[in-house]
Structures are given as structure tokens and as C-alpha cells.
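To keep things clear, I will list the structure first and then write my remarks on it.
In the numbering used here, the protein residues as written are 59 to 342.
Pasting the structure below:
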């Protein structure tokens, strides 16, 4: 059991941290400010500033993340936090307060490069492992034995429990099996992050590519308007769907005294009533 836990944590930590190191290196290479590089997720256990970047060790050791400087990170800090940061770590305060290092202020191709850098590192990591994985093995005696052929559906995805079991089995089989599984996880994580889905790196890369095309065509402002509209619609649709599933949308609208949806409903109702009144007044 201990080997399974150690194998799962070690492989996951190694693959995801190498992915985040790719983002970190690309950000530093392009002059993008990095406010935090965290090893792990969740509450920060201990942290230390290395230059302008806070290097943190978080509670859950399953990966990590890179936090890039932006308007959002500045607005998330209170006035007291900013004053303390300016007093104790002036270099870190300077990169947060200066828009020049913000990721949103960089050119689209820089944003695209930073977004895909993690997957590039995963690919490079896997390529470096290939020579060791393909090396000649030790000669030995081949033995025949009966075995059952396992059938599996390639369309099925594996969950965390199955990943835990596979990583544990690899840990029990030894170092070569661990490296093989690490290479497979590298490919999986790199490809998964390139999907154009919210939160994943692929969505950031897609927006950066669209922004580059729109700016080149002279429609940069229109792209911002369209993206904000799509994002607002997506947030509203997700919220409305969740409320409908819980069966609480009607109760929420009735119980809330000040709600844009309630006011919109009242406005539409007033328009319909006026229209019906005008139609009734015209009828003989």
C-alpha cells in the first residue's frame, strides 16, 4: 500500500511540476512577471521569496501551479496586503503594481507561447526518456505460461482510483516501469492541457491565437467584445442550468428582493400587459 501511495504521488508530482516549470521558464524568458510558483495545491505551508517570485510549498503534493501577474491578482489583494508586500518585498510589489509585466499586457504570441510551454516541456521530457526506455534488456530465459486475454474499451477513461492502482503497480515493478508510466503520464497531461476548455492551457492558447488574427485584421476591439459576451453567456448558462437541476430557480427568484433576473421578468411582464391593454382597447 505504501509503495502504491509513494508511486502515485511521485509520478503525479514529477509530471505536473515539470509542466508548470515550462510555464515558469517561458514567462521569465518573455519578461512576464510570475508572482507565485507553488509546489502542490491548497493552503500554503511554507513560502519564501526568490527575487520577485514567491516559491511556496502547499499542503496537497499532487502537482503545482504558476501564478502570473495580472490585474486580477492585483485586485485580489487587500490594501493591507499590498502595504505589507511593499514594505517586506518591494521587488515583488513592483512587478504586481507595474502593468508592463502583466500577462495581459504582452503580445498575443507571447501569451500563446507561455500557454503551451508546459505541454512542450512534457513532450521534451518524454523524448528524453525514450532512449532509456528503448535500450536493450538483459538476456534471460523465456518461459511459456498460460494467461487470459483481457478485453478493454479504448473509449473509456480511467479515473483517479485506476491511476492510483496503475502507479502503485509500477512502483512495485521497479524503476523502469516507473519511467515508462511517467512517459505515458507526460503525454497524457500535455495533450489534456492543450484541449480548448476553460481553465486548461488550450483555452488560453486559443484566445491568444484568435487575438493575434483579429489584431492583424484590425478587429482587436471587436474580438474583446465578442469574447466578453461569450464568457458572460457561458457563466449565465452554467448558473441557470445548475439552478434548474436543483429545482431552486423559481424559489430563488421569488425570494430575492433585488435580482437582475427578477427585474427583467417584471419589465417583460409590464410590456406584455401594455400590449394586451392596447389590443383590447382597439377591439370593438
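Note that CB positions come from ideal geometry on N, CA and C, so glycine has one too. The model shown is predicted, which means the values in this text are computed figures rather than measured ones.
Rounded to whole angstroms, the separation of the alpha carbons of residue 268 and residue 93 is 26 Å. Per DSSP, the unbroken alpha helix (DSSP H) holding residue 146 starts and ends at 137-146. By the neighbour-count definition (other C-beta atoms within 10 Å, threshold 16), residue 190 is an exposed residue. Taking the Cα positions, residue 166 is about 36 Å away from residue 238.
One alpha carbon belongs to residue 240, the other to residue 119, and they sit about 16 Å apart.
A straight-line Cα-Cα distance of about 39 Å links residue 253 and residue 142. Of 169, 95, 86, 128, the smallest CA-CA separation from residue 156 is found for 128. DSSP places residue 98 in no alpha helix (DSSP H) but in the uninterrupted beta strand (DSSP E) bounded by 92-108.
For residue 109, the number of other beta carbons within 10 angstroms of its own is below 16, and it is reported as exposed.
In this structure, residue 122 sits near residue 74, with a CB-CB distance shorter than 8 Å. With a 10 Å radius around the Cβ and a threshold of 16 neighbouring Cβ atoms, residue 172 comes out buried. Straight across, the Cα-Cα distance linking residue 181 with residue 137 is about 42 Å.
Residue pairing from DSSP leaves residue 174 without any beta-bridge partner.
Nearest to residue 91 by alpha-carbon distance, out of 103, 183, 125, 78, is 125. Residue 102 is classed as exposed because its beta carbon has fewer than 16 other beta carbons within 10 Å across all chains shown. Look at residue 257 here: in three-state DSSP terms it is coil, with no helix or strand label. Cα atoms of residue 259 and residue 251: separation of roughly 5 Å, rounded to the nearest angstrom. C-alpha of residue 100 to C-alpha of residue 271: approximately 37 Å in a straight line. If you ignore the 5 residues before and after residue 105, its C-beta comes within less than 6 Å of the C-beta of 112, 114, all in its own chain and listed in chain order. If you look at residue 158, you'll find it isn't in any beta strand (DSSP E); DSSP assigns it neither H nor E.
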